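**Student:** With the first letter of the sequence shown counted as 1, position 126 gets the number 127 in our numbering; the numbers rise by one all the way through. Cβ atoms here follow ideal geometry from the backbone N, Cα and C, with glycine treated the same way. Owing to the predicted nature of the structure, the values given are computational and were not obtained by experimental measurement.
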Amino acid sequence: MPDSLDQNGIAERRNRTLLDMVRSMMTSSKLPKFLWVEALKTTVYILNRVPTKAISKTPFELFKDWKSSLSRVRIWGCPSEVRVYNPQDKKLDLMTISGYFVGYTERSNGYRFYCPSNNTRIVESRNAKFLEDDLISGSDKGLSIRSNVDNSESQPSTSSNGLIIVVHNTLIVKTRVEQPIQTVP
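(1) Taking the continuous beta strand (DSSP E) assigned at Arg113, which residues delimit it?
(2) Could you compute how far the alpha carbon of Arg14 sits from the alpha carbon of Asn49?
(3) When the Cα atoms are used, what is the spatial distance from Ser29 to Val23?
(4) So, with DSSP's three-state summary, where would you put Ser118?
(5) When the Cα atoms are used, what is the spatial distance from Asp21 to Pro88?
(6) Along the alpha helix (DSSP H) that carries Phe1, what are the first and last residues, could you check?
(7) Please name the residue, chosen from Leu36, Val51, Asp135, that lies closest to Leu63 on a Cα-to-Cα basis.
(8) Taking its Cβ as the centre, do 16 or more other Cβ atoms sit within 10 Å of Asn16, making it buried, or is it exposed?
(9) Any idea what DSSP makes of Gly10, helix, strand or coil?
(10) CB Ile98 to CB Arg113, shorter than 8 Å?
(11) Work out the CA separation of Thr121 and Pro33 for me, nearest whole Å.
(12) Counting only the same chain and skipping the five closest in sequence on each side, list residues whose C-beta sits under 6 Å from that of Thr44.
(13) Give, in chain order, every unbroken run of the alpha helix (DSSP H) that is at least 4 residues long and sits entirely within the region 16-63.
(14) Using 10 angstroms around the beta-carbon of Ser10, count the other beta-carbons present and answer buried if the total reaches 16, otherwise exposed.
(15) I'd like to confirm the pairing. Which residues does DSSP put opposite Arg84 in its beta bridges?
(16) Indicate the three-state DSSP secondary structure (helix, strand or coil) for Glu125 in the structure shown.
(17) Would you kindly work out how many angstroms separate the C-alpha atoms of Cys116 and Ser70, rounded to a whole number?
(18) From the beta carbon of Asp21, is the nearest beta carbon of chain B less than 8 Å away?
And the structure:
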């Protein structure tokens with residue numbers, strides 16, 4: 002019988018893969034279930050840009066004749082700060098709104114965000130800060146400080162610009178003080 006499940010094995014396998022990915026994205030992000038369409042679009046976007054076993058090129062590469070970069074790929078559902086362009090905004094108005102990453106724009110090099118506090122719930126923007134580290138480590142507080150602080154034992158040195166003290170991975174800077182640099186455990 003044509004168009005039965007038995008004869009559409011490849012299509013059914015692809016649908017199962019898509020739904021498994023959507024289900025995984027929805028459960029890991031805790032976003033509302035009505036965003037399943039955005040999760041499906043993002044899944045298709047990702048699967049079109051990764052190679053398959055059948056051919057050496059990606060589907061995107063076969064369609065467009067050029068390689069796509071994966072540098073834009075983000076964690077679906079991650080919190081983000083989105084800058085939305087509004088010509089009526091004044092200089093002291095808030096420039097960003099909080100939202101969650103839900104996909105990629107179709108016609109431009111931007112992203113789609115779910116912003117529950119905004120009038121239009123789905124916002125498109127190119128300017129955003131993705132807070133992916135919050136999902137991985139629980140907090141991004143102090144990550145850049147730890148990478149800049151050397152934990153090796155060294156002699157205290159003097160600094161004419163300021164005093165730098167590290168207390169429990171928190172950097173404290175006092176300017177215009179000529180004292181040795183100290184590390185407090």
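**Tutor:** So, from the data block:
(1) 112-115
(2) 16 Å
(3) 10 Å
(4) Three-state DSSP puts Ser118 in coil, outside helix and strand.
(5) 42 Å
(6) Within the shown structure, residues of the chain are numbered from 2 to 186, placing residue 1 beyond reach of any answer.
(7) Val51
(8) exposed
(9) helix
(10) no
(11) 16 Å
(12) Leu19, Met22, Val23
(13) 37-48
(14) In the sequence as presented, Ser is not what sits at residue 10; that position holds Gly. Its Cβ having fewer than 16 others within 10 Å, Gly10 is exposed.
(15) Thr97
(16) In the structure shown, Glu125 sits in a strand (DSSP, three-state: E or B).
(17) Looking at the two C-alpha atoms, the distance is approximately 27 Å.
(18) Going by chain labels, chain B is absent from the structure shown, which holds only one protein chain.
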